[in-house]
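The block underneath contains the structure these notes are about, expressed in structure tokens.
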Amino acid sequence: MSKVPMDVVTDIFHRLPVKTLLRFRPLSKPYCSLIDDPDFTNAHLDRSIKTRSNLNIILKGLHLYSVEFDALDNAVPIDYPLSSGAGTEAFGSCNGILAFRLTDKNLALYNPSTRQFRRLPVSEIDPPAGDSCKSGYIFYGFGQDVKTNDYKVVRMVQFNKSDDEDDEGIFYDYEVKVYSLKNDSWRKITKLPPYLRFMFQFFYHLLHRRGYGVLAGGVLHWVMPPRIELGPRNRIVGFDLGNEEFIEVPQPECADKNYLLDVAALEGRLCAVCNYDQEKIDVWTMKEYGVKQSWTKLISIQRTRTITTLTFLKPLAY
1 MSKVPMDVVT DIFHRLPVKT LLRFRPLSKP YCSLIDDPDF TNAHLDRSIK TRSNLNIILK
61 GLHLYSVEFD ALDNAVPIDY PLSSGAGTEA FGSCNGILAF RLTDKNLALY NPSTRQFRRL
121 PVSEIDPPAG DSCKSGYIFY GFGQDVKTND YKVVRMVQFN KSDDEDDEGI FYDYEVKVYS
181 LKNDSWRKIT KLPPYLRFMF QFFYHLLHRR GYGVLAGGVL HWVMPPRIEL GPRNRIVGFD
241 LGNEEFIEVP QPECADKNYL LDVAALEGRL CAVCNYDQEK IDVWTMKEYG VKQSWTKLIS
301 IQRTRTITTL TFLKPLAY
């Protein structure tokens with residue numbers, strides 16, 4: 001291919017899977033420089049998303065598996081650096097990069113295609129000074145700051161007083177820190193909204209793994225648990241990875257208010273899944289981020305004999 005013009009090579013390379021591209025890196029310095037160029041990487045990623053090509057689904061359980069989106073017929077185990085430890089969790093994925101937690105002091109980012117691995121520096125948990133309290137549940141989120149092309153990990157720690165055994169989640173305070181891959185360092189977020197102290201509820205978050213933020217539009221999202229102190233049900237809160245601040249996100253305007261809301265990402269947009277007492281679910285997508293009127297209902301799914309529970313359904317594509 002030495003006589004092939006580089007613009008033609010670039011066009012061909014844009015269409016190839018990442019693992020195939022990596023086989024070309026050792027062949028010549030121009031190929032290596034092209035494949036390693038950030039502009040090429042971003043263009044390759046954009047094309048894969050727009051054409052829905054070279055995309056994989058990550059299945060999370062006791063082990064991690066990768067499934068080709070086009071075929072959906074073969075689950076391939078993912079061998080990752082922290083897999084030797086029991087209880088390793090993948091708490092996020094973005095642009096082919098996976099975020100792992102083995103313990104709260106052992107976090108890592110890993111790209112299965114390139115096998116690039118980065119262990120995050122340890123950031124100690126700092127309880128509020130002068131109070132007898134201990135750390136409880138810890139939320140994580142991972143995503144890309146599109147403004148600076150930086151990848152960030154968000155860690156939210158809730159504290160409760162040492163003698164407080166309230167499983168309903170009335171906790172004392174929160175600590176929020178953000179890790180920047182570019183800077184390889186953590187930064188503490190000092191401006192926190194008051195509703196954070198009501199964010200955790202044991203069964204609500206642990207049973208369905210709602211503690212891991214859902215990434216859409218450069219924002220990590222969580223649904224607040226149903227609490228009297230929070231007002232209306234199904235309140236959606238987000239953490240903007242660019243501005244590094246919390247925001248509130250409008251929910252869909254449904255005629256029937258008696259539903260349980262969950263959030264997901266659908267083709268890069270925020271998606272809302274409204275579960276009506278296991279009888280049906282409505283799937284909505286926010287076409288213009290942050291605009292309530294842009295919520296559009298895509299589909300309704302009724303419970304059937306073959307679909308006996310609607311709790312764990314997640315939208316993949318539309």
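Just so you know, the UniProt record's numbering puts the end of the sequence shown at 318, numbered straight through with nothing missing.
Ideal Cβ positions, reconstructed from N, Cα and C, are used throughout, including at glycine.
From a predicted model like this one, the values you see are computed outputs, not experimental measurements.
- The Cβ atoms of G143 and L220 lie closer than 8 Å to each other.
- Here DSSP, grouped into helix, strand and coil, assigns L27 to helix.
- T103 is bridged by DSSP to N106.
- Check the Cα spacing between M224 and each of D145, Y151, S123 and F139: the tightest is with F139.
- For the 8 Å CB-CB criterion, D150 and K177 do not form a contact.
- Beta-bridge analysis with DSSP links H221 to V214 and G238.
- Scanning its chain for C-beta atoms nearer than 6 Å, with the 5 sequence neighbours on each side dropped, one finds around V146 the residues G218, in chain order.
- If you check the CB distance, L215 and C133 do not come in under 8 Å.
- Within the stretch 243–289, the complete beta strand (DSSP E) segments at least 3 residues long are 245–249, 260–266, 269–276 and 280–286, listed from N- to C-terminus.
- Buried is the label assigned to D262, since at least 16 other Cβ atoms lie within 10 Å of its Cβ.
- Listed in chain order, the non-local C-beta contacts of I97 below 6 Å within the same chain comprise L109 and N111, local neighbours out to five positions each way being set aside.
- Here the alpha carbons of P250 and V291 stand approximately 7 Å from one another.
- Between V283 and L298 a beta carbon distance of about 5 Å is seen, short of the 8 Å cut, so the two are scored as contacting.
- In the three-state scheme derived from DSSP, where H, G and I count as helix and E and B as strand, K297 is classed as strand.
- Around P193, the same chain offers F246 as residues with beta carbons nearer than 6 Å, after the five sequence neighbours per side are excluded.
- Distance from the CA atom of Q116 to the CA atom of I281, rounded to whole angstroms, is 39 Å.
- Counting the other CB atoms within 10 Å of its CB gives K152 a total of 16 or more, which places it among the buried residues.
- Nearest neighbour of G238 by Cα position, chosen from E267, V154 and T304, turns out to be V154.
- The DSSP-derived three-state label of V146 is coil.
- L266 and V273 have their C-alpha atoms roughly 11 Å apart.
- Separation of A99 and T114 (C-alpha to C-alpha, rounded to the nearest whole angstrom) is 15 Å.
- Remark: C-beta atoms of Y212 and F24 do not approach each other more closely than 8 Å.
- Excluding sequence positions up to five before and after S294, its CB lies within less than 8 Å of the CB of M286, K287 and E288, all in the same chain and listed in chain order.
- Assigned with DSSP and collapsed to three states, D126 falls in coil, not helix or strand.
- DSSP places S33 within a helical segment (H, G or I) once states are collapsed to three.
- Comparing alpha carbon positions, the residue from F40, W222, E253 and T41 closest to T296 is E253.
- Taking a 10 Å sphere around the C-beta of S33, we find fewer than 16 other C-beta atoms and assign the residue as exposed.
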